[in-house]
Structure formats: C-alpha cells, structure tokens
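Visitor: A single structure is presented below for examination.
In mature numbering (1 follows the signal peptide of the UniProt record, and there is no 0), the protein residues as written are -20 to -1, 1 to 260.
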C-alpha cells in the first residue's frame, strides 16, 4: 500500500510538472487551418482544474485517509438490498477478467489517440497531447473524488464463492464501486479520440473506424468490469457518462475560431452584382 501511494505521488508530480511547463510555454496562437487552438487562459484553467482534482484525491485519500473503509468479515451482504436493475447483472469476482481482460480493453481505448498522432502533422502533437493530458487529469479527478465521497460495495462482496479478492479488502477498495474508474477513463479516451479525429479529418473514411473502434474497446472495458464482479451496471453507466463528457468538452473548449480558411468563402458573379457565401 505504501509503495503504491509513493508511486502515485511520483507519477502525479512528474506529470503535473511537465504539463504545467508545457502549458506555461503556450502562446495564444493557432496554426493556420487547425481546428484547435491552445491558449494560456483555457489551458491554464483546464490543466489547473485537472491537477487540483487529481491532487485533492491523493491528499484526501492517502494523507488524510478520508472515508477509508475496513472490511468486516462477519458482515452479511444481502443481494436483495441491491436495486432490482443492478441485481439482474451482478457477478462473482473473476480474477482473469479483472486483471487481464479489463486492463487490455482499457489500455486499447486510452491509446486510441495514437491514430490522431499518426495522421496529423507533428506541429499538432503538442496541442493533441496537452488536450489529452487535461482530459485524463480531469476525468481521473472527478471519478476518484466521487469514489471517495460515495461508499458502495462491489458486487463481488455479495458472493461467497469464486476467486479471492483479498487485495480489495486490504486497501478498502471493496467499497469503491461507484463510479467505475476503468469505464470513466476508457470512455474519456474514446470520446476524445473520436471527436478530435473527426475535427482534424472531416472527410477521412477512417473517422468511422476510429470512432467505432475506440468506443468498442471502451464498451468492452465496461462489460468486463461488470462480468468480473467489480461493478454494477449503473457504476459503469455513470463512469461512461463522466468520461464521454470530459473527452468531448475539453477539446470542444479548444476549438479554434480561426479554423476557417479562405475555402470557406465562396464568391459568385451575378448580373446585378455579386454573391458571397460563408460556410460555418
């Protein structure tokens, strides 16, 4: 537990320092024709919010140890106490789906922005990278603070058979079912990739492939979290909503007002004058 906390702090500090330096070096200019624009005002606010949210969770959870739960071996978990909808899809703990299946799908969904880097110009990599960092920091902060605030036992707690989930008991994670963190991050990556790729390449047939592929991996992540006994359906649904909203809103707030080029202006000659058409 102590080693895990130290690693989290180290990664958080390194990433925050790096992206803070990147944001500080940002100039409020947009590349000609680029659909997105970095600015100190927007990126300072978004990056600051992401660092604050994720940092607050690390401090409250690991330093102040707010709302940490201790597993009671003598407690009886009644399935009938779960709402009817979630009870229909409850599953016992499955180690393979938890550690292998879910993580593979999650990594695939979160890695989908690689398609953007592979087709975009290198001058856009900084923009895409910073926007994605802000997306992940904000999504992570929201879902972790929600987990810290709301205690909900995972479905695995309601079963007596199946694989052992002692690691969840030891660190109190057995009571952090809501919302699904894997689903949040997977859908954040999927929504970000789909929206950004669509904006960069509005005519590319690959935009459908990127959208379908990234959301398929995100959906597979959510399903694996339910089948592995880690989450209820409502947990993954809320996680998907948080992730999708964050993945869309962050790049949306970076949309360039100067992205239109002269190709968006059409001029025609008429017998009694001329016609100018502006495409928005």
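The C-beta atom is built at its ideal place from N, Cα and C for all residues, glycine as well.
Values in this document were obtained by computation on a predicted structure and should not be read as measured data.
How many Å lie between residue 95 and residue 58 at the Cα?
Guide: Roughly 46 Å separates the two Cα atoms.
Visitor: Quick one: using the 10 Å Cβ neighbour count with 16 as the cut-off for buried, is residue 79 buried or exposed?
Guide: That one is exposed.
Visitor: Exposed or buried, residue 188, counting other C-beta atoms within 10 Å across all chains shown (16 or more means buried)?
Guide: Exposed, by the Cβ-count rule.
Visitor: Tell me where the alpha helix (DSSP H) around residue 64 begins and ends.
Guide: Start and end: 64 to 68.
Visitor: Between the alpha carbons of residue 126 and residue 206, how many angstroms are there, rounded?
Guide: So the alpha carbons of these two residues sit roughly 19 Å apart.
Visitor: To the nearest angstrom, how far is it from the Cα of residue 160 to the Cα of residue 218?
Guide: Computed Cα separation, rounded: 7 Å.
Visitor: Quick check: the Cα distance between residue 83 and residue 74, rounded to an integer number of angstroms?
Guide: Rounded to whole angstroms, residue 83 to residue 74 spans 13 Å at the Cα level.
Visitor: On the three-state DSSP scale, how would you describe residue 16?
Guide: Correct three-state label for residue 16: strand.
Visitor: If I'm right that residue 112 touches residue 93 with Cβ under 8 Å, what's the distance once you round it to whole angstroms?
Guide: The Cβ separation is near 5 Å, so the contact holds.
Visitor: Between the Cα of residue 107 and those of 228, 220 and 19, spot the shortest distance and give me the residue it belongs to.
Guide: The shortest C-alpha separation from residue 107 is found at 19.
Visitor: Give me the Cα-Cα distance between residue 236 and residue 202, rounded to the nearest whole angstrom.
Guide: Distance between the alpha carbons of residue 236 and residue 202: 33 Å.
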